[in-house]
Amino acid sequence: MQRPPWYVIKTKPLAEEDVRLRLSRANFEVFLPLIKTLIRSRTKPILKLKPFFPSYLFARLNLEDAKIFHMIKYTRGVRKILGNGSVPVPIPEEAVHIIKERVNKNGVLEQSLTFKKGDRIRIRSGPFRDLIGILEKPVSAAGRVRVLLEIMKRTVKAELSCSDIERL
């Protein structure tokens, strides 16, 4: 028997985990890729799991059955099933497979995998805000990175929280 295709489900903001739980309890195969991110608090950075695609998750669905379509569409927290107008369109199996290859067994994409030595980055906040640099040392266990910045025609090393930078 052929497995049903994957669909992308758009959820209400911050409702991804609730929808994932509801659909899993109804025996649907659901995939919600997460990413570890550092959130700055007043005292120290906090590691938090967030959806890699905010407000979206993947589910294997047999939408030829009108009851299943109706059940998914009216699940609390679901906005819609992505498609062409009102017709849901499945996504290629390979797309989900590629994402699954990059996450660990818990469905989490490690932050250290997203920044590599030599990446060009921009600083988002702090005294070096909007400066462009090159990543010299990737994310440490403490969530810090070392960046090479060119300031006044000199190369300067700066250690920053990985939550303060973004890839160009």
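The sequence shown begins at 1352 in this note's numbering and counts up one residue at a time.
Backbone N, C-alpha and C fix where the C-beta goes; we use that ideal spot for every residue, glycine too.
- Message: Give the list of continuous beta strand (DSSP E) stretches no shorter than 3 residues that lie fully inside the segment 1483-1510.
- Response: 1483-1488 and 1495-1502
- Item | As assigned by DSSP and simplified to three states, the class of residue 1377 | coil
- Task: Run the CB neighbour count on residue 1387, radius 10 Å, all protein chains shown included, and call it buried at 16 or more, exposed below.
- Result: With at least 16 other beta carbons inside 10 angstroms of its own, residue 1387 counts as buried.
- Query: Roughly how many angstroms separate the alpha carbons of residue 1524 and residue 1377, rounded to a whole number?
  - Reply: Since the first residue shown for the chain is 1352 and the last is 1519, residue 1524 is missing from the structure and cannot be characterised.
- Pull up the CB-CB distance for residue 1483 and residue 1516, whole angstroms please, since I reckon it's below 8 Å. With 8 Å as the limit, residue 1483 and residue 1516 do not qualify as a contact, their Cβ atoms being about 10 Å apart.
- Task: Please report the residue range of the alpha helix (DSSP H) in which residue 1479 lies.
- Result: Looking at the DSSP string, residue 1479 is not in any alpha helix (DSSP H), and its letter there is neither H nor E.
- Item | Distance CB(residue 1489)-CB(residue 1508) smaller than 8 Å | No, the Cβ-Cβ distance between residue 1489 and residue 1508 is not below 8 Å.
- Quick check: the segment 1367-1382 against the segment 1408-1415, are there 3 or more CB pairs under 8 Å? yes
- Option nearest residue 1373 by Cα separation, candidates 1393, 1398, 1519 and 1424: Of the residues 1393, 1398, 1519 and 1424, the one whose Cα lies closest to the Cα of residue 1373 is 1424.
- Query: Quick check: the segment 1353-1370 against the segment 1420-1436, are there 3 or more CB pairs under 8 Å?
  - Reply: Because the criterion of three Cβ pairs below 8 Å is met, the segment 1353-1370 and the segment 1420-1436 touch.
- Between the C-alpha atoms of residue 1356 and residue 1390, what's the straight-line distance to the nearest angstrom? Whole-angstrom Cα-Cα distance: 35 Å.
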